[in-house]
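The structure appears right after this line, and notes come after that.
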Amino acid sequence: MAIVHNDFSLQRMNTFGLNARASLFSSPENIDALSSILEGYDYNQQPLLVMGEGSNILFKTDFEGLIVRPGMKGIELFEEDEQEVWVKVGASENWDNWIAVATENGWHGLENLSLIPGSVGSAPVQNIGAYGVELKDHFAWLDAWDLQQQKLVRFDRKECRFGYRSSTFKNESRGRYIITHITFRLDKEPHLQLDYGPVKEAFLKAGGTTPMELRAAIISIREQKLPDPTINGNAGSFYKNPLVDRAIFKCIRVDFPLIPSYPESENQVKIPAAWLIEKAGWKGKKVGNVGTWPTQPLVIVNYGGATGQEILEFSEQLRNDVDKQFGIWLEREVNVI
Ligand code: EPU
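Structure below.
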């Protein structure tokens with residue numbers, strides 16, 4: 080049986096460090112415990128929220144309902160052939176710890192996703208990505224509890240409908256499933272992904288050749304550029320990089336010839352939100368205890384004691400200014416609750 084806590088403090092459960100509370104909170108460690116908590120729970124009376132380590136969430140107020148934080152642990156070599164391994168990982172494992180274990184065991188492919196905060200179970204929801212690699216590149220399948228059918232179901236890669244920071248769990252299947260385990264497909268022989276310029280530079284400069292050294296280079300880049308959430312509360316990129324029609328992009332380029340962009344499709348390009356935010360005058364800006372991080376303005380930081388409402392207001396003013404200047408409406412990556 081899993082314990083259900085009443086009036087539970089979420090301060091240590093979200094990387095913004097916000098002092099919100101949940102009326103009910105539970106972290107079931109296995110499927111039986113999970114199903115027993117959910118049995119008879121009336122979702123219409125009180126909402127249910129599933130969360131991992133709270134690294135992509137902004138609590139505007141207290142949560143009047145049940146928060147379930149899946150507690151399934153374990154990293155298990157499930158199957159292997161000459162080239163690949165399939166490894167089943169519990170949803171509550173810490174993402175970076177899992178990458179450390181995989182790299183040490185010679186299971187390769189996810190090194191570029193080192194040091195991303197959060198749990199393994201949350202990673203597929205937004206198809207986490209960094210430095211030219213996305214979770215979907217090494218995903219085999221996942222197991223999830225279906226709240227509608229009250230049973231365990233399996234999703235393969237196609238069924239997850241992965242996209243840029245997106246999956247079915249963020250869209251049409253939102254709120255229906257609780258991810259319990261993920262099975263990854265990894266390479267025995269490393270194929271290092273060095274397309275991202277600064278990664279290649281840092282890796283080669285350090286004389287790197289191995290996946291472990293690539294992981295070290297990624298960690299060092301992230302530590303230099305991004306705020307440590309245990310010191311300055313944050314949830315990584317607050318907004319997604321917007322996809323913009325080429326026609327609109329050409330208009331913006333008349334005034335800003337140096338605007339960076341990455342081709343996305345025949346009709347669209349991706350523009351770095353950090354660039355738009357910087358040009359709109361919001362890089363390193365601070366209002367009270369909230370600000371954008373001086374070396375990466377896409378990250379909004381709680382410098383201490385800010386409320387969820389204050390962070391939200393700051394983010395909205397920033398978004399309005401970007402819209403005013405460029406006519407581009409940024410889409411949030413962070414979930415506001
Ligand atoms: N830039 C500026 N000013 C700045 C910083 C960046 O103009 O102060 C511009 C530059 O043109 C730079 C570009 O923004 O080349 C891209 O910056 P960066 O490489 O830091 O990456 P990003 O696009 O801002 C994305 C992910 C990050 C991931 C990095 C590295 C999104 C929303 N964010 O950020 O993921 O770590 O790429 O691959 O796609 C996260 O999702 O929480 C996250 C941290």
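The numbering of the sequence shown is this note's numbering, which starts it at 80 and goes up by one. Where a beta carbon is used, it is the ideal one built from N, C-alpha and C, also for glycine. Everything numeric in this text was worked out from a predicted model, so none of it was measured.
Out of 284, 318, 130 and 337, which has the shortest C-alpha to C-alpha gap to residue 142?
130
Quick check: the segment 385-392 against the segment 401-411, are at least 3 beta-carbon pairs closer than 8 Å?
no
Residue 223 - containing beta strand (DSSP E), residue span:
218-225
Looking at the ligand EPU, does it come within less than 7 Å of residue 309, judged from the CB to the closest heavy atom?
no
With a CB to CB cut of under 6 Å and the five nearest residues on each side skipped, what residues in its chain are close to residue 313?
306, 378 and 380
Tell me whether residue 240 counts as near the ligand EPU, meaning its Cβ is closer than 7 Å to at least one heavy atom of that ligand.
no
Closest by C-alpha distance to residue 267, when choosing among 181, 336 and 341
181
With respect to the alpha helix (DSSP H) encompassing residue 128, which residues constitute its N-terminal and C-terminal limits?
Segment 127-129 is the beta strand (DSSP E) holding residue 128; no alpha helix (DSSP H) there.
Can you say whether residue 361 is buried or exposed, counting buried as having 16 or more other CB atoms within 10 angstroms of its CB?
buried
Checking 8 Å against the spacing of the C-beta atoms, do residue 203 and residue 171 come in under that value?
no
Where does residue 311 sit, in a helix, a strand or coil, going by DSSP?
coil
Residue 217 versus residue 364: straight-line alpha-carbon distance, rounded
38 Å
For residue 411, which residues from the same chain have a beta carbon less than 8 Å from its beta carbon, with the 5 sequence-adjacent residues on both sides left out?
317, 318, 319 and 394
With the cut-off set at 8 Å, would you say residue 166 and residue 263 are in Cβ contact?
yes
Rounded distance between the beta-carbons of residue 257 and residue 226, thought under 8 Å
7 Å
Do residue 399 and residue 297 count as a contact pair if the criterion is CB distance below 8 Å?
no
For residue 172, the three-state DSSP class (helix, strand or coil):
coil
For residue 146, which of 259, 85 and 358 has the nearest alpha-carbon?
85
DSSP beta-bridge partners of residue 165:
158 and 264
Distance, residue 302 Cα to residue 291 Cα
16 Å
Beta-carbon spacing of residue 385, residue 368 below 8 Å
yes
Please tell me whether, using a cut-off of 7 Å, the distance from the CB of residue 184 to the nearest non-hydrogen atom of the ligand EPU is below it.
no
Do residue 321 and residue 300 count as a contact pair if the criterion is CB distance below 8 Å?
no
Are the Cβ atoms of residue 121 and residue 211 separated by less than 8 Å?
no
Shorter than 7 Å, the distance from the beta carbon of residue 339 to the closest heavy atom of the ligand EPU, or not?
yes
Counting beta carbon pairs with one atom in the segment 225-241 and one in the segment 110-129, are three or more of them shorter than 8 Å?
yes
Among the residues of its own chain, which have a CB less than 7 Å from the CB of residue 417, if the five just before and after it don't count?
The question about residue 417 has no answer here: the residues shown for the chain are numbered 80 through 416.
Out of 114, 132 and 111, point me to the one whose CA is closest to residue 96's CA.
132
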